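Novice: After the structure tokens below, expect a handful of questions from me.
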Amino acid sequence: MRNDRHWLMVAAAMAIAALATAPAAAQKKYDPGASDSEIKIGNIMPYSGPASAYGEIGKTEAAYFRKVNDEGGVNGRKINFISYDDAYSPPKTVEQARKLVESDEVLLIFQSLGTPSNTAIQRYMNAKKVPQLFVATGATKWNDPKHFPWTMGWQPSYQSEAHIYAQYLLKNHPQGKIGVLYQNDDYGKDYLKGLKDGLKGNMPIVAEAPYETTDPTVDSQVINLKASGADIVFNVATPKFAAQAIKKIAELGWKPVHLLNNVSNSVGSVLKPAGFDNAAGVLSTAYMKDPTDPTWKDDPGYKKWSAFMDKYYPDGDKTSTFTVYGYLAAQTLVAVLKQSGDNLTRENVMKQAASLKGLEFDMLLPGSRINTGPNDFAPLKQMQMERFNGERWELFGPLMSGEVGG
Amino acid sequence: MDLFLHQALAGLATGSIYACLALAIVMIYAAINHLNFAQGEMAMFSTFIAWQLMQWGAPYLLAFVGAAAFSFVAGIAVERVLFRPIHKAPVLSHIVLFIALFAILNSLAGFIWDYNVKSFPTPFGSRSLFGNGLVSSHDAGMMGVAFTMLVLLYVFFRHTRIGLAMRAAAANPESARLAGVRVGRMISLGWGMAAAIGAVAGIMIAPVVFLDPNMMTSILVYGFAGAVVGGLTSPGGAVFGGLAVGIIENLAGTYIPYVGRELRLTIALFIIVAVLTAKPSGLFGRAIVTRV
Amino acid sequence: MPAALLETVGLCAFYGATQVLFGLDLKVGEGGVTTLLGANGAGKTTALRAVSGMVQTTGDIRFCGQSLAGWATEDIVRLGIAHVPQGRGTFVSQTVEENLKIGAMSRRDRAAISSDIERVYGYFPRLKERRKQQAGTLSGGEQQMLALARALMLRPKLMLLDEPSFGLAPLVVRDLFEILRTLNRAENVSMLLVEQNASLALDLADRAYLIETGRLVMTGAAQDLRNDENVRRAYLGY
Amino acid sequence: MIAGVALALLLPLAIKGFFLFQLTLALIYAVAILGLNLLTGFNGQFSLGHSAFYAIGAYTAAILMDQADVAYYWTLPAAGAACFIVGFLFGLPALRLEGLYLALATFALAIATPQLLKSTPLEPWTGGVQGIVILKPEAPLGLPLNSDQWLYYFTMLTAALMYAGAVNLMKSRTGRAIMAIRDNPIAASAMGVNVALYKSLTFGVSALYTGVAGALGALTVQFVAPDSFTFNLAIALFVGLVIGGVGSIPGTLLGGLFILFVPNIAEELSKGLAQAVYGFILIAVIYLMPSGAAGLIRLIVGRTARSRSQPVHFETASRSARLTRETPMSSSTSGDENAK
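So the protein sequences, as listed, match chains P, C, B and G.
Take the first sequence: its position 212, counted from the start at 1, is 212 in the numbering used here, and no numbers get skipped.
Basically the numbering used here = 1-based index in the second sequence + 406.
Basically the numbering used here = 1-based index in the third sequence + 698.
Basically the numbering used here = 1-based index in the fourth sequence + 936.
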């Protein structure tokens, strides 16, 4: 409620200011980074360093904006996408964010990647009142419009995904004992918390096995999980370690119910290295179409994405979900910019981002829609469970949302 | 007790990863009395070469030999092009060059082959050998390869003239020169051999940890730990040290609360510092006794 | 004076920008022993290092009539010039026998090496007793013997000896010089000897040079220098 | 000189906040490199692990501000003290380690630091992986400066004090003892210098400098997290040290500027291969000036001033150059007749 009033006041103030200063251009309003011909968008990605695999997302987004520009831009304005490397180091993120805002004077920062990196710049962005839009991390804390009205998430949060698994387990394996393999950082702990919250103590977690990204393998952790007597494994690992775990579990001849977090459910970069036989029966959730899944072979959305990849990002990995992710996120931003019309102020962009209604995109699962509101800064919420049949993912059950508030 | 045995066995398997890399570390140390901080990245790059050869349709053995041969030549080239011109510069400058080499190889590999993990085949298969999958046939094969390299190195250093010349060149270059040893060639040869051993290590390690540009970053630290435990001058010690670090790490990870679970790298750090302070020459390294 | 085996003409040497030797003309005869005398820091060691190509030089160095200008140390060694450096250059962590094998590293006649090792043990029986021992554990005298033995493994025509008596007990020094004399006579090894103990050096040598701050101040037969008043007072101490 | 100071003082009024922020960070890195230089350049001990001390300094400041509401300026001495103690303690086992081995031990320390920071027992203070967000200090006494400008001046003042301290330390008896250990530990010990004590002390002082820099860094970035203090930071500090010139106090400023700006330049040149470009720049710099910028400057100054009477600093400069000139491929068997 309070927020609404805030918005109204801001909008009113802006309107008055605009009328007072530029009566001739009443329809067109710009903040730094926007003009009649151009919209400057900032972005920060770990192109180098330990998380460099994610750099693919930024490259896809750059490619998508090239496509948009080739097709005439957004409302006649070209997108100037400025993407910097922070090597996944928060001080560098701060430096790059300030460079984007103060030196390049971008309209907003879009899809900056990583929880620690975004935490580092969140206060700065909000103090400067520059949108930190659709951050590329699944932490739950980005959906907090009350404290951080200039920061918005994009993908379904880790916690809400974990809720979905909790629901599934409570319904289908209520007698099971759960072992969790998780990366010992915010991402892993978010999932763990989500699972615990979702289970509400109705099922036991008999073992928690954290690993560090510096560990060469997770073999030792998997052995400990098995030794704990668990018959359900919740695999909260990044692609490389997730693949190792799938492989090791198979090598041990162990056959637990295996839940694989969405971050690592790429067929190309996880299940294939792990071995399709080893991965058969693994469960996960999806909110976008897996490009390697033959289900979508003839899907028009898939074909559009595939054509885009061939034309604008031929070096990109078409088996990686990162390229789909970047494609979808870029589409979301373009939708916001379109909706903002000629009022390209930071206030208005943020306001439009918070009023997306029922957007559907090519590579989202059928039926999945993007919705936001002044109190709902979590654009994507719907996910569907899926099971790997040894060749491809098979979706099952309804679209679900984990319903976790900020 | 079961768990203990399982973890020890699995540690042995992981340890053979470290042992392979530790051998390469000891090799370069034998040649230049120095640690190569880019050793892991060189091994990673060599492994990508093998992978690329297989992508082009080469059979495993050819890719293996091709990558090792490429690495041998590339190792010599790196020494000649990069390090020879500044061999008189301070040792700190050498470390900066290692850092530069690290950055270049990592970045180049990512640029050419991207950062997604790739699977890498093993000639030994991955069926369970014993202990219910705790030691797979690949693990055993990897250990076999490590021991084979160890024996070859032993024979090379102890029983060939050129091996002796290399040891002399590393131990006392000026004196070696005065005995007619071509020190420059020995250093190049050492680089080449270390790079080739690194290639073999990478090819053995990749099926376990998967292939990607960052695969070696942390393994290198464990490799250093293994080499230090065994003694930087002893190839046998390096293999033993690598295996020991693998086992210690797993057991500590299982039985020491917090410390073991979350601080496995810290254990490697602790091992390095403890061994270096208690017995700097390592468990099997030769202490250099000098009377003045 | 027999034909010159080694001859330097106008030899100058530099450490970086600092000049250390200023135009030395030295000669070592075929089968002869030449000694360089001079105070600490006069440039004696540098002169030996110059011959071995280990410092930056100008001027000419000729060995068997061949100019060595621009040669690498390894190649100079291969001509048969064995340099026994001060501090002996022992490979401390290798065994005695390995040290000897290193000494023979530049030779191509591998078959003769093991017989040479035995021959060298003949001169230095103590080394044979310690053949499997790490060289760093030898006493100072033994290490000096090892250094000579290692140099002999090269089958040198010329030995450059840098302070062989340094830090050794008088008895050991006497034995050592006895061996040097034998080597010179029996094996026809020429020597360029730098030695603090001028008396010993002049006994062994047939030719001597006196250097002060990188310049020759006196040249002549060893006997002549021995009899020179100034040399006697300054270097022989009587 | 005066013009330089004036420029540094007036700069904030002329340039953008972002650039000022970068300069502030560069200055902070310079102080951290100065700390490393005290250890390596003046005492002859290696470290590839100074990111650990930087992290301890940063976390000390952040925790004090976050949990105890300590004023930001008090966090600097606290960070320095904490790092001095930790550095001194780490220096004790390090005493037994020479050159390469010490490099290895500190390398491992750098790698392990992020894990230690987020470990569960420390989580109540460190905030675990989430890190700690802190407030930026505002200018006091109603000075008409924004927080970027104030922080710049504050950092500059601190850095000036630290540099003055370092120069005085190296001129003092203690400094001479520290350098004597570098040049010849046996002789130093024979002259009655307590080598163990001085080496550990130097480790402590070095850590103190880097720790204060870390605290300043936390204030400037307003955020600390384990990912901020990875091995890459240690590498960067080390590179800054060598590029600036080992054993050169003014060179550290150059080192700080280098590690902040050159990676950005590399990124400008090629996005995909930024790291490779950075690597090539490093190689080029090492080739052009094998002893760092200070070495190059020394060379130029030395050439032009050779005919004049020997400058006093030349002596210390060549001594520090000798320490670092020990290459892995040369052992010191040269005779005693090297020109003095």
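Idealized CB from N, CA, C, for every residue including glycine.
Note that the coordinates shown come from a computational prediction; the quantities given were computed from them, not determined experimentally.
(1) Looking at chain G, is there any beta carbon in it that lies within less than 8 Å of the beta carbon of P/Lys146?
(2) Relative to the alpha-carbon of C/Pro529, which residue among C/Leu511, C/Asn620, C/Ser542 and C/Ala658 has its alpha-carbon at the smallest distance?
(3) Given a cut-off of 8 Å, decide if G/Phe1216 and C/Ile510 are closer than it, judged by their beta-carbon atoms.
(4) Which bits of chain C does P/Lys240 rub up against, with CB to CB less than 7 Å?
(5) Between the alpha carbons of G/Arg1244 and B/Thr716, how many angstroms are there, rounded?
(6) In the DSSP output, what is P/Arg387 paired with across the bridge?
(7) Are the beta-carbon atoms belonging to C/Leu540 and C/His412 less than 8 Å from one another?
(8) Can you give, in chain order, each stretch of the alpha helix (DSSP H) that sits fully within the region 710 to 750 of chain B and has at least 4 residues?
(9) Closer than 8 Å by C-beta to B/Thr771: which residues in its own chain qualify, once you throw out the five before and the five after it? Chain order, please.
(10) Can you tell which of B/Leu908, B/Val790 and B/Thr880 has the C-alpha that lies nearest to the C-alpha of C/Met575?
(11) Express the C-alpha separation of C/Glu447 and P/Leu170 in angstroms, rounding to a whole number.
(12) Taking all protein chains shown into account, do 16 or more other C-beta atoms lie within 10 angstroms of the C-beta of G/Ala1100, making it buried, or fewer, making it exposed?
(13) Which same chain residues end up closer than 6 Å to P/Leu344 when comparing Cβ atoms and leaving out the 5 residues on each side of it in sequence?
(14) With 8 Å set as the bound, which would you pick, yes or no: does the beta-carbon of P/Glu95 sit closer than that to a beta-carbon of chain G?
(15) Please name the residue, chosen from P/Phe361, P/Lys311, P/Gly281 and P/Lys318, that lies closest to P/Gly301 on a Cα-to-Cα basis.
(16) Within the region 133 to 213 of chain P, note down every full beta strand (DSSP E) run reaching 3 residues or more, in order along the chain.
(17) Would you call B/Arg924 buried or exposed, if buried means 16 or more other Cβ atoms sit within 10 Å of its Cβ?
(18) State the DSSP-derived secondary structure class of G/Thr1138, mapped to helix, strand or coil.
(19) Using DSSP with H/G/I as helix, E/B as strand and the rest coil, what is B/Ser791?
(20) Using a C-beta to C-beta distance shorter than 8 Å, which residues of chain B count as neighbours of C/Glu580?
(21) Classify C/Gln461: buried if its beta carbon has 16 or more other beta carbons within 10 angstroms, exposed otherwise.
(22) What separation, rounded to the nearest whole angstrom, lies between the Cα atoms of C/Met622 and C/Ala449?
(23) Which residues of chain C have a Cβ atom closer than 9 Å to the Cβ of P/Phe131, listed in chain order?
(24) Cutting at 6 Å between CB atoms, please list the residues of its own chain near B/Pro783, excluding the five before and the five after it.
(25) Since P/Glu251 meets chain C, which of its residues come closer than 8 Å, beta carbon to beta carbon?
(26) Note down, in chain order, all residues in the region 954 to 973 of chain G with a beta-carbon under 8 Å from any beta-carbon belonging to chain P.
(27) Considering only the alpha carbon of each residue, which of P/Glu212, P/Leu195 and P/Asp310 lies closest to P/Phe234?
(28) Go ahead and pull the three-state DSSP assignment for P/Phe81.
(29) Return no unless some Cβ of chain B is closer than 8 Å to the Cβ of C/Gly586.
(30) Would you mind sorting B/Ser813 into buried or exposed? The rule is 16 or more other CB atoms within 10 Å of its CB.
(31) Taking Cβ positions only, does C/Ala495 come closer than 8 Å to chain G?
(32) For G/Met1265 and C/Ile438, I'd like the C-alpha separation in whole angstroms.
(33) Please name the residue in P/Gln339, P/Thr119, P/Pro91 and P/Met385 whose C-alpha comes closest to that of G/Gly1153.
(34) Can you give me the C-alpha to C-alpha distance between P/Lys177 and P/Asp376, rounded to a whole angstrom?
(35) What does the alpha-carbon distance come out to for the pair B/Leu798 and B/Leu844?
(36) Residue ranges of each alpha helix (DSSP H) run of no fewer than 4 residues wholly in the region 1170 to 1198 of chain G, ordered along the chain?
Specialist: Looking at the coordinates:
(1) The beta carbon of P/Lys146 does not come within 8 Å of any beta carbon belonging to chain G, so the residue lies off that interface.
(2) C/Ser542
(3) yes
(4) Val523, Phe616 and Asp618
(5) With a pLDDT of 38 at G/Arg1244, under the threshold of 50, the modelled position of that residue is not reliable, and the figure given next carries that caveat. Straight-line Cα distance between these residues: approximately 16 Å.
(6) P/Leu283 and P/Glu394
(7) With a cutoff of 8 Å on beta-carbon distance, C/Leu540 and C/His412 are scored as near each other.
(8) 742 to 749
(9) Ser750, Gly751 and Met752
(10) Reading off the sequence shown, one finds Ala at residue 575 of chain C, where the question assumed Met. Looking at the Cα atoms, B/Val790 is the closest of the given residues.
(11) 46 Å
(12) exposed
(13) Tyr30 and Ala34
(14) yes
(15) P/Phe361
(16) 178 to 183 and 205 to 211
(17) B/Arg924 counts as buried, since no fewer than 16 other beta carbons sit within 10 angstroms of its beta carbon.
(18) Reduced to three states, the DSSP call for G/Thr1138 is helix.
(19) Note: B/Ser791 maps to coil in three-state DSSP.
(20) Met752, Pro783 and Gly787
(21) exposed
(22) 8 Å
(23) Inspection of the sequence shows that residue 131 of chain P is occupied by Pro rather than by Phe. Those do not exist, as P/Pro131 stays about 28 Å from chain C at its closest Cβ, beyond 9 Å.
(24) Asp860
(25) Ser532, Ser534, Gly539 and Ser542
(26) Phe954, Phe955, Phe957, Gln958 and Leu961
(27) P/Leu195
(28) Here P/Phe81 sits in strand by DSSP.
(29) yes
(30) exposed
(31) For C/Ala495, the closest Cβ of chain G is nearer than 8 Å.
(32) Residue confidence is low: G/Met1265 scores 33 on pLDDT, short of 50, so the model does not pin down where it sits. Its coordinate-derived value is still stated next. C-alpha separation (whole angstroms): 6 Å.
(33) G/Gly1153 has its Cα closest to that of P/Pro91, out of P/Gln339, P/Thr119, P/Pro91 and P/Met385.
(34) 35 Å
(35) 8 Å
(36) none
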